[in-house]
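Notes follow the structure.
Residue numbers (the UniProt record's numbering), protein chains in the order written: chain A, 1 to 192; chain B, 1 to 333.
Dropping the structure here:
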């Protein structure tokens, strides 16, 4: 992968986060603490600024800078989780998008200690990785992430602040799974 | 939204600027958003670092000073600080005796402090021990949740453990004491109104005029249930009963009883609640050894209160009574 296509991906993700900022925040008001949209928007704005200021020479450096910026700027749960995703992708990007995303996913699992079905970003990211590993296209992976997001609606949360709601967390899509579906949608629109 | 702010994006930075000017005895690192004791780091003293999202003032920055915290990291409103802040705080308070991280049990706080501790371990020889506070009985502690939230016990813990560190107790002992305080404290809260996060611009949740939320979290996370508004006597019962049924508070040296305001509830009402809580404890045979009443752990402009009971012993009471000089708590000095 080259830095140009990754930058296009991140740029599109930042746009989608900005467009959906209020929706992410509304989901997070329903079952969390109402900061996911604002935090991710702030983080991706900082990422684009950092990449613009000193464009990294290769894909690994670019992903590393993206992860480090998110860890430094976002806070909350999404900072460490999205930050770890990109930092781990950096180490595996030589093999292409699919192994990189799988490595990132493993990092998210280790950092957040969530399992599939806990109503977290794992429920969107896991299915997308499975599709890519099976040779599917990025568009198919994005669809799997969107389906995974939709599948979080009836779930009762077992991780994060939403878990405190018990049964009351059911009926809303998970904000983290929703932003992860945007990440994959951005990939489908920019990567091939 | 009606707030005394400039730009919602600048709330934390602007407040830290005011805090630095109002309390010249503190040193504020504006770049990293860390409040330090002005006379630190103290050689040979265990450094106490806490922090969390902003919006809970005076917790945590207002608890920095002699006999309490050495540094507090201020995150964005209701958002945990980032690892870089915690690393800066940890390095800034290291007096050679190690550093204790006091972390409220929220997923984001735990992960960011964990990443910071990993970075400190990789970069320096500073020994860091982390204690996670989880005292909210509104939340079920089970495999199916992120565990109990850290609330009111945090304030009492920071005071008590701060006094122990000031005495020169070693890191392992200070950390053990912190765990002991966490084990002995339980809290429960109620909200009458939502709070409004400045960046969101509107209330986090809708709570009808005639209803209140029992078991509210300090970020506006919904609680156990919604019930019709009731007299303070009945509300106190709804808060005290789950605490007493979770842990035995009878015998020993009694309890430290902490009635906390969430931001918009006046002290007048907090004393009304305190009177009802005291009556309930008397009926239950629980002796009150010390009390604390006031807005010490707020949730922006939320109306409501939390009750915390901490089972005390002679050692804890002596440490509670020890001098403390911070913007938020100040006595004996």
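Think of the CB as a built atom: it goes at the ideal place given N, C-alpha and C, for glycine as much as any other residue.
DSSP three-state assignment for residue i, whether helix, strand or coil
i, result
"residue 115 of chain B", "helix"
"residue 302 of chain B", "strand"
"residue 317 of chain B", "helix"
"residue 31 of chain A", "helix"
"residue 76 of chain B", "strand"
"residue 13 of chain A", "helix"
"residue 58 of chain A", "coil"
"residue 137 of chain A", "coil"
"residue 114 of chain A", "coil"
"residue 151 of chain B", "coil"
"residue 145 of chain B", "coil"
"residue 203 of chain B", "strand"
"residue 153 of chain A", "coil"
"residue 135 of chain B", "coil"
"residue 168 of chain A", "helix"
Whether residue i touches residue j by CB criterion (8 Å)
i, j, result
"residue 126 of chain B", "residue 84 of chain B", "no"
"residue 242 of chain B", "residue 137 of chain B", "yes"
"residue 249 of chain B", "residue 155 of chain B", "no"
"residue 286 of chain B", "residue 235 of chain B", "no"
"residue 49 of chain B", "residue 11 of chain B", "no"
"residue 171 of chain B", "residue 46 of chain B", "yes"
"residue 154 of chain A", "residue 28 of chain A", "no"
"residue 190 of chain B", "residue 214 of chain B", "yes"
"residue 95 of chain A", "residue 159 of chain A", "no"
"residue 337 of chain B", "residue 182 of chain B", "In this structure chain B extends from 1 to 333, so residue 337 of chain B is not present and cannot be described."
"residue 107 of chain A", "residue 88 of chain A", "yes"
"residue 77 of chain B", "residue 197 of chain B", "yes"
"residue 325 of chain B", "residue 96 of chain B", "no"
"residue 148 of chain B", "residue 112 of chain B", "no"
"residue 34 of chain B", "residue 88 of chain B", "yes"
"residue 63 of chain A", "residue 90 of chain A", "yes"
"residue 264 of chain B", "residue 303 of chain B", "yes"
Own chain residues within Cβ distance below 7 Å of residue i, not counting five before or after
i, result
"residue 190 of chain A", "5, 8, 9 and 12"
"residue 179 of chain B", "131"
"residue 50 of chain A", "65 and 69"
"residue 296 of chain B", "58, 59, 155, 260 and 328"
"residue 40 of chain B", "70 and 93"
"residue 139 of chain B", "145, 148 and 149"
"residue 68 of chain B", "158, 159, 162, 324, 326 and 329"
"residue 117 of chain B", "101, 128 and 130"
Exposure label - residue i; buried when at least 16 CB within 10 Å
i, result
"residue 138 of chain A", "buried"
"residue 1 of chain B", "exposed"
"residue 5 of chain B", "exposed"
"residue 21 of chain B", "exposed"
"residue 120 of chain A", "buried"
"residue 107 of chain B", "buried"
"residue 35 of chain A", "buried"
"residue 335 of chain B", "For chain B, the structure presents residues 1 to 333; residue 335 of chain B sits outside this window and is missing."
"residue 276 of chain B", "buried"
Residues sharing a beta bridge with residue i, DSSP
i, result
"residue 101 of chain B", "B/49 and B/130"
"residue 211 of chain B", "B/228"
"residue 331 of chain B", "B/324"
"residue 257 of chain B", "B/291 and B/309"
"residue 36 of chain B", "B/27 and B/71"
"residue 263 of chain B", "B/302"
"residue 191 of chain B", "B/213 and B/304"
"residue 54 of chain B", "B/77"
"residue 185 of chain B", "B/310"
Cβ neighbours of residue i in the same chain (closer than 6 Å, five flanking residues each side left out)
i, result
"residue 247 of chain B", "186"
"residue 128 of chain A", "141, 144, 145 and 184"
"residue 44 of chain A", "14 and 17"
"residue 229 of chain B", "210 and 212"
"residue 51 of chain B", "60, 72, 73 and 81"
"residue 238 of chain B", "214"
"residue 125 of chain A", "105 and 180"
"residue 199 of chain B", "8"
Cβ-based neighbour list, residue i, same chain, cut-off 8 Å, excluding 5 preceding and 5 following
i, result
"residue 173 of chain A", "27, 149, 150, 152 and 153"
"residue 42 of chain A", "73 and 74"
"residue 207 of chain B", "191, 192, 193, 194, 213 and 226"
Closer than 7 Å: residue i CB and nearest the ligand SAM heavy atom
i, result
"residue 53 of chain A", "For the structure depicted, the ligand SAM is absent and the ligand set is empty, with no information on it obtainable."
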